[in-house]
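Position 275 of the sequence shown, counting from 1, maps to 407 under the working numbering, and the rest follow consecutively.
Yeah, the Cβ is synthetic: ideal placement off N, Cα and C, and Gly gets one too.
Worksheet: the structure to be examined is printed underneath.
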Amino acid sequence: MTLAEMAKALKDKALSSLATVADALSLDGFFSSYLSKKGEINSLMSKMKNVPPEEKAVFGAAVNEARNEVAHAFEEKKRALEEKALEEKLKRQAIDITLPGTSFEVGATNPYRLIVDEITDIFLNMGFEVVEGNEVETDKFNFELLNVPKDHPSRDMQDTLYFDAEHLLRTQTSGSQAHRMLEAKEKGPIRMLSPGKVYRRDEDDATHSHQFGQIEGLVVDKNISIANLRATLLLFAKKMFGEKRQIRMRSSYFPFTEPSVEVDVSCFKCEGKGCSTCKGTGWIEILGAGMVNPHVLEDCGYDPNEYSGFAFGVGIERVAMLRYGIDDIRRIYTNDIRFLKDFKSK
Ligand code: PHE
């Protein structure tokens with residue numbers, strides 16, 4: 133066999149070997165056997181130095197032709213293998229866009245939370261801060277600092293659950309007033325809101341629950357009068373129940389406020405004409421309030437000759453029931469999905 137024939141034979145061998153290559157790994161192996169520096173084509177070329185001068189041209193051309201053809205076939209194979217790999221990958225990852233998607237239901241915010249957020253927003257805009265209170269409270273903060281000494285008859289109105297003689301489940305959020313005043317490092321002005329759960333030993337029915345929510349409000353500053361209380365609550369009523377609302381204050385009693393008032397808002401259902409929501413009176417009771425009793429200011433470290441203030445307490449569920457026309461307080465707690473779905477858009 134002449135050297136030129138050897139070049140042709142090598143080319144044929146390489147091409148038929150390439151035909152059996154079916155993956156990237158054996159393609160690598162093929163490259164190093166034939167086309168790399170130490171591969172068979174180069175080693176055939178290295179025989180050039182022994183070739184007589186008159187045959188050099190023929191031999192060189194034969195080897196170069198072999199190299200070019202094999203290199204070309206190699207590139208083709210490489211591209212074909214890559215294409216095949218890509219196709220397989222796409223097939224594996226194929227998504228059938230005609231299949232229905234997995235749908236999941238988005239929950240809704242409970243009306244209790246909606247009302248807390250809404251009321252909090254209204255007062256944050258008036259410069260109030262939000263303060264967290266304690267659900268397990270001491271007798272001192274739930275009663276005594278609020279002007280309700282141990283044997284005071286008004287304790288009976290808020291009978292609750294005691295852990296021991298000093299610790300109880302709070303009956304009202306008003307204890308957070310005492311905390312805020314007493315714990316103030318500088319006895320300066322206060323504008324605070326404190327939402328949370330309270331507990332009373334009540335029988336549960338459509339409008340009562342042994343556990344419910346309140347939002348406490350407290351403002352303490354120099355020259356605070358009942359006019360400020362009225363203006364603040366009127367603004368709140370308008371934001372909460374509509375611009376046309378009016379409020380009225382009726383005399384009431386709380387040990388920690390003096391004077392004390394019940395605040396009614398004009399009925400937003402019938403515009404005050406009288407309907408089932410307002411029980412025909414045109415007014416709906418929404419909260420208790422009053423001017424902070426000077427004894428409370430004093431016991432909490434504020435000089436009542438220098439400072440005065442007002443406080444109010446709103447029932448969260450009560451507002452939610454009015455606002456959303458909920459007929460039974462227990463709906464707010466039982467997490468019936470059919471009920472909660474109604475609040476999706478709110
Ligand atoms: N704590 C009172 C209650 O639970 C409400 C209230 C708060 C009244 C603040 C006046 C001032 O009934």
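Comparing C-alpha positions only, which one of the options sits nearest to residue i?
i	options	result
A146	K210, E201 and P327	E201
L142	V248, P184, A194 and L159	A194
G447	G412, Q378 and T339	T339
V428	R287, P387, T413 and Y465	P387
I416	K405, M423 and E215	K405
E250	L472, F373, C399 and R377	F373
L300	Q309, R287 and R312	R287
Y166	L150, K181 and L314	L150
V183	E449, E390, A136 and E315	A136
C399	N437, K223 and T413	T413
Give the DSSP-derived three-state secondary structure of residue i in the structure shown.
i	result
K282	coil
S357	coil
Q304	coil
G445	strand
T270	strand
H299	strand
V153	coil
M258	coil
E137	helix
G161	helix
A310	helix
G352	With the sequence shown as reference, residue 352 is identified as Val, and Gly is not the correct amino acid for it. Three-state result, V352: strand.
What first and last residue would you give for the beta strand (DSSP E) that runs through residue i?
i	result
H427	Looking at the DSSP string, H427 is not in any beta strand (DSSP E); the run it does join, the alpha helix (DSSP H), is P426 to D431.
K329	I322 to Y331
V397	T389 to S398
M177	Taken as a continuous stretch (DSSP letters only), M177 belongs to no beta strand (DSSP E), being part of the alpha helix (DSSP H) at E172 to M177.
Y385	I379 to F386
Between residue i and the rest of its own chain, which residues show a CB-CB distance below 6 Å, the 5 nearest in sequence each way excluded?
i	result
Y385	S392
K401	C407 and T409
V397	A369, F373, R377, I379, I416 and I418
Excluding the 5 residues preceding and the 5 following residue i in the sequence, name in chain order all residues of the same chain whose CB lies nearer than 8 Å to its CB.
i	result
R333	D291, T292, L293 and H342
D155	L213
T305	G265, S326, P327, G328, V330, Q346, I347, E348 and G445
V263	S308, H311, R312, M324, L325 and S326
Shorter than 7 Å, the distance from the beta carbon of residue i to the closest heavy atom of the ligand PHE, or not?
i	result
S286	no
S341	no
F386	yes
F444	yes
S306	yes
S392	yes
T230	no
E335	no
G420	yes
E403	no
G346	A small fix is needed here, since residue 346 is Gln in this sequence, not Gly. Correct: Q346 has its Cβ closer than 7 Å to the ligand PHE.
Starting from residue i and walking both ways along the alpha helix (DSSP H), at which residues does that stretch end?
i	result
G192	P185 to R224
L472	I469 to L472
Should residue i be listed as close to the ligand MN, given that the test is whether its C-beta is under 7 Å from any heavy atom?
i	result
T389	This structure lacks the ligand MN; its bound ligands are the ligand PHE.
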